[in-house]
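Asker: Under the UniProt record's numbering, residues 1 to 553 are what the sequence shown spells out, in order.
For every residue, glycine included, the Cβ atom is placed at its ideal position computed from N, Cα and C.
Given the structure is predicted, the values throughout are model-derived calculations rather than measurements.
The following block contains the structure, expressed as structure tokens.
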Amino acid sequence: MQRNLQALSNQSFDLLVLGGGIQGACVAWEATLRGLSVALIDKSDFGAATSANSLKIIHGGLRYLQTADFRRMRQSIQERQTLMRIAPHLVHPLPILVPTYGHGLKGKEAMVVALKLNDLISCDRNQHLSDPQKHIPPGRVFSRQWCQQQVPEITTQGLTGAATFHDAQVYNSERLTLAFIQSAVQQGATVANYVKATDFLQTGDRIQGIVAQDAFTHESFDVRAKAVINTSGPWLNQVLARLPKPPSPQAFAKAWNVVLRRPLLKTPYAIALQSLPEGMGTQKTQQKSRMLFVAPWRGTSMIGTLYSVCDESPDSWHVDEAEIQSLLRQINQAYRPAQLTREDVAFVHGGLLPQIGLSSSGEPRLAKRYCIRDHAAEGYGGLLSVTGVKYTTSRDVAQKVVDYLFRTWEQTPPPSRSASTTLVGGSIENIEDFIQQILEQDHSQLNPSEVRHLVYNYGCVYSDIFRGQSADSTQAIVAQVRHAVQTEMAQTLKDVIFRRTDLGSAGVPSDAMIRLCGETMAQELGWSYAQTQAEIADLMSGDKTSSRDVVTV
Numbered sequence: 001m002q003r004n005l006q007a008l009s010n011q012s013f014d015l016l017v018l019g020g021g022i023q024g025a026c027v028a029w030e031a032t033l034r035g036l037s038v039a040l041i042d043k044s045d046f047g048a049a050t051s052a053n054s055l056k057i058i059h060g061g062l063r064y065l066q067t068a069d070f071r072r073m074r075q076s077i078q079e080r081q082t083l084m085r086i087a088p089h090l091v092h093p094l095p096i097l098v099p100t101y102g103h104g105l106k107g108k109e110a111m112v113v114a115l116k117l118n119d120l121i122s123c124d125r126n127q128h129l130s131d132p133q134k135h136i137p138p139g140r141v142f143s144r145q146w147c148q149q150q151v152p153e154i155t156t157q158g159l160t161g162a163a164t165f166h167d168a169q170v171y172n173s174e175r176l177t178l179a180f181i182q183s184a185v186q187q188g189a190t191v192a193n194y195v196k197a198t199d200f201l202q203t204g205d206r207i208q209g210i211v212a213q214d215a216f217t218h219e220s221f222d223v224r225a226k227a228v229i230n231t232s233g234p235w236l237n238q239v240l241a242r243l244p245k246p247p248s249p250q251a252f253a254k255a256w257n258v259v260l261r262r263p264l265l266k267t268p269y270a271i272a273l274q275s276l277p278e279g280m281g282t283q284k285t286q287q288k289s290r291m292l293f294v295a296p297w298r299g300t301s302m303i304g305t306l307y308s309v310c311d312e313s314p315d316s317w318h319v320d321e322a323e324i325q326s327l328l329r330q331i332n333q334a335y336r337p338a339q340l341t342r343e344d345v346a347f348v349h350g351g352l353l354p355q356i357g358l359s360s361s362g363e364p365r366l367a368k369r370y371c372i373r374d375h376a377a378e379g380y381g382g383l384l385s386v387t388g389v390k391y392t393t394s395r396d397v398a399q400k401v402v403d404y405l406f407r408t409w410e411q412t413p414p415p416s417r418s419a420s421t422t423l424v425g426g427s428i429e430n431i432e433d434f435i436q437q438i439l440e441q442d443h444s445q446l447n448p449s450e451v452r453h454l455v456y457n458y459g460c461v462y463s464d465i466f467r468g469q470s471a472d473s474t475q476a477i478v479a480q481v482r483h484a485v486q487t488e489m490a491q492t493l494k495d496v497i498f499r500r501t502d503l504g505s506a507g508v509p510s511d512a513m514i515r516l517c518g519e520t521m522a523q524e525l526g527w528s529y530a531q532t533q534a535e536i537a538d539l540m541s542g543d544k545t546s547s548r549d550v551v552t553v
């Protein structure tokens, strides 16, 4: 990927996508596979906002049994399977454990029924997955003693056992978003980060493109397209505000998770723990109990998710200290042995999600379904806005968006191929065999865990990073930085630390590591000494425990 702004202004595209998060990335990939000429821009870096800030779980929709929403459940199951098939290096099965209490809806008997239904509805979940590592086993129930072994010192009052089932987890969500964009580029898409839409180009009642501005030079230029799709996530309202008569704004809610410096539990399972609302037991509250997840991730634990109303701009909102403390208090209440303090938090994930209202207790009610809004009825033909609600189903939503786009052109949509076409790095039939072959043939100084880490990030193209040269751990990091600059459009030190590598997203990078990456980028991009020091200082002086540049915690 090369950042070529002239290529954006030199032609008229079939489709221009505004926003390079997971939804925009999937739309670009879907459209290029259907033969459309596509441009994609993002005002910041690709996948820098909500798409990078999640619990990393690809849900199979088990919770939809509560409302008998079997259609959404099937959709989630199919998309979980699809992501493991087209990105086998990045998406892996994740076992989940739910303690059972009593003999009601949270009891073992109810979970037995739920798991049987889940297995029945997902009976084809392992079809088209030739790699046994990707197979999802049936759900099971276990004894009280087994549950206590997996979750030591769990609350035992009413405990009857545990239920287990599998979903999937993204090893690196930032690189999965990037993989969709890279794949679109390989199919002919033109993409650029740090390019902002400042106005719309309109003739009569048709939108024909946008006025764009380079974030670095501040130069403006036109990008013309037959259709424009707004997938800017939390910036949806800001983009639509450029219209002469903007539509009513979409509300967004704040969501956050934390990554710990140490694993909370030594188990391969993600643990679902029931937390009572804050204040329960001391005063009456209308809030319902909340399910929190403790998920194993890169040798530590990730915990979430909590939500709150967000009245701030998407450019300036932040997860504040009180909100982090609230999450810690609730997990400590749900699992007494945790006793977590602020010092246990290595990283904070925060994002904004579509909100449809407020509950009786004042908490945000999140949108449950995606929305495709055609602005033709408002006098802006050729402009669509898309809001997704789940990382899991972004590809499926993109398929529906492109289908809809062709119908607005009064054309029959060509068949979609995105569910069966592997992404960049995904041409691996058996992940464990692939890693074993590397270990047998590779004579580098990397240990098995480092090799696995590289394969999980880059897939079958991991060797492109080293260009046939052997490497130790430090050389591997330098090679990844160079690769990010030369082929993945990394423009800033934060792009490399937080999104092209995972040096910053699972913990606090050391100052020495930041300097190494900064000096390597300087060599590649020709930064002056002053610019290099500014990039390093910006990251060191800012908050290294959040991937969002504006968050301070």
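Assign T32 to one of two classes, buried (16 or more other C-beta atoms within 10 Å of its C-beta) or exposed (fewer than that).
Answerer: buried
Asker: Where in the segment 144-177 do unbroken runs of the alpha helix (DSSP H), each at least 4 residues long, occur, reported from the N-terminal end onward?
Answerer: DSSP assignment within the segment 144-177 yields the following whole alpha helix (DSSP H) runs of 4 residues or more, N-terminal first: 144-150.
Asker: Using CA atoms only, rank isn't needed, just tell me which of K266, S232 and F46 is closest to P314.
Answerer: S232
Asker: Cutting at 8 Å between CB atoms, please list the residues of its own chain near S416, excluding the five before and the five after it.
Answerer: E30, L33, R34, Q399, V402 and D403
Asker: Mapping the DSSP letters down to three states, classify M1 as helix, strand or coil.
Answerer: coil
Asker: On the DSSP bridge assignment, give the partners of H92 in chain order.
Answerer: Per DSSP, the beta bridge partners of H92 are Q169.
Asker: Could you tell me the distance, in whole angstroms, from the CA atom of A49 to the CA atom of V348?
Answerer: 13 Å
Asker: Tell me which residues share the same chain as S473 and place their Cβ nearer than 8 Å to its Cβ, disregarding the 5 neighbours each side in the sequence.
Answerer: Q445, L446 and E450
Asker: In terms of residues, what are the limits of the alpha helix (DSSP H) holding H483?
Answerer: S473 to T487
Asker: Should the segment 248-260 be called in touch with the segment 301-311, which here means at least 3 C-beta pairs below 8 Å?
Answerer: yes
Asker: Tell me whether Q274 sits in a helix, a strand or coil according to DSSP, three-state version.
Answerer: Here Q274 sits in strand by DSSP.
Asker: With DSSP as the reference, please indicate the residues paired to residue 604 in a beta bridge.
Answerer: Because the chain spans 1 through 553 in this model, residue 604 falls outside it and cannot be assessed.
Asker: Return the first residue and the last residue of the alpha helix (DSSP H) that C517 is part of.
Answerer: D511 to L525
Asker: Note down the Cα distance separating D311 from Q437, rounded to an integer number of angstroms.
Answerer: 52 Å
Asker: Which residues share a DSSP beta bridge with G35?
Answerer: Note: G35 sits in no beta bridge, so no partner.
Asker: Please look up how many angstroms separate the CB atoms of G139 and N118, rounded, as I've assumed it's under 8 Å.
Answerer: Contact between G139 and N118 holds, with the beta-carbon distance rounding to 6 Å and staying under 8 Å.
Asker: Cα-Cα, which of E440, G158, G425 and F434 is closest to N457?
Answerer: G425
Asker: Which same chain residues, not among the five before or five after F406, have their C-beta less than 6 Å away from its C-beta?
Answerer: P413
Asker: What do you reckon, are the CB atoms on S275 and R290 nearer than 8 Å?
Answerer: yes
Asker: May I ask you to list the residues that DSSP assigns as paired with R224?
Answerer: S12 and G209
Asker: To the nearest angstrom, how far is the alpha carbon of L340 from that of T217?
Answerer: Distance between the alpha carbons of L340 and T217 is about 45 Å.
Asker: Provide the residue span of the alpha helix (DSSP H) that contains T341, from first to last.
Answerer: No alpha helix (DSSP H) holds T341; DSSP gives it neither H nor E.
Asker: Please list the terminal residues of the continuous alpha helix (DSSP H) segment that includes K400.
Answerer: Residue range S394 to T408 is occupied by the alpha helix (DSSP H) that includes K400.
Asker: Along the chain, where does the beta strand (DSSP E) that runs through K108 open and close?
Answerer: That residue, K108, is in no beta strand (DSSP E); its alpha helix (DSSP H) goes K108 to I121.
Asker: Is it right to say T198 is buried, meaning 16 or more other beta carbons lie within 10 angstroms of its own, or is it exposed?
Answerer: exposed
Asker: Mind checking which residues open and close the alpha helix (DSSP H) that includes L446?
Answerer: Premise fails: L446 is in no alpha helix (DSSP H) and is neither H nor E.
Asker: For E109, I'd like the list of residues in its chain whose CB is within less than 8 Å of its CB, leaving aside the five on either flank, ordered along the chain.
Answerer: H103
Asker: Is L83 helix, strand or coil by DSSP?
Answerer: In the structure shown, L83 sits in a helix (DSSP, three-state: H, G or I).
Asker: Taking the C-alpha atoms as reference points, what is the distance between N10 and Q187?
Answerer: 18 Å
Asker: Which residue wins for smallest C-alpha separation from P337, given the options I136, W317, L273 and G362?
Answerer: It is L273.
Asker: Please list, in chain order, all residues of the same chain as A479 whose beta carbon is under 7 Å from its beta carbon, the five residues on each side excluded.
Answerer: I465, F466 and A471
Asker: Helix, strand or coil for I438? Go by DSSP, reduced to three states.
Answerer: helix
Asker: Spatial neighbours of K106 within its chain, please: C-beta separation below 7 Å, excluding the five flanking residues on both sides.
Answerer: T100
Asker: How long is the line joining the alpha carbons of V530 and S316, rounded to whole angstroms?
Answerer: Reading off the sequence shown, one finds Ala at residue 530, where the question assumed Val. Cα to Cα, the separation comes out at about 27 Å.
Asker: Taking 7 Å as the cut-off, is the CB of R298 close to at least one heavy atom of the ligand HEM?
Answerer: Summarising the ligand content, the structure contains no ligands, and the ligand HEM is consequently not present.
Asker: On the DSSP bridge assignment, give the partners of I372 in chain order.
Answerer: V386
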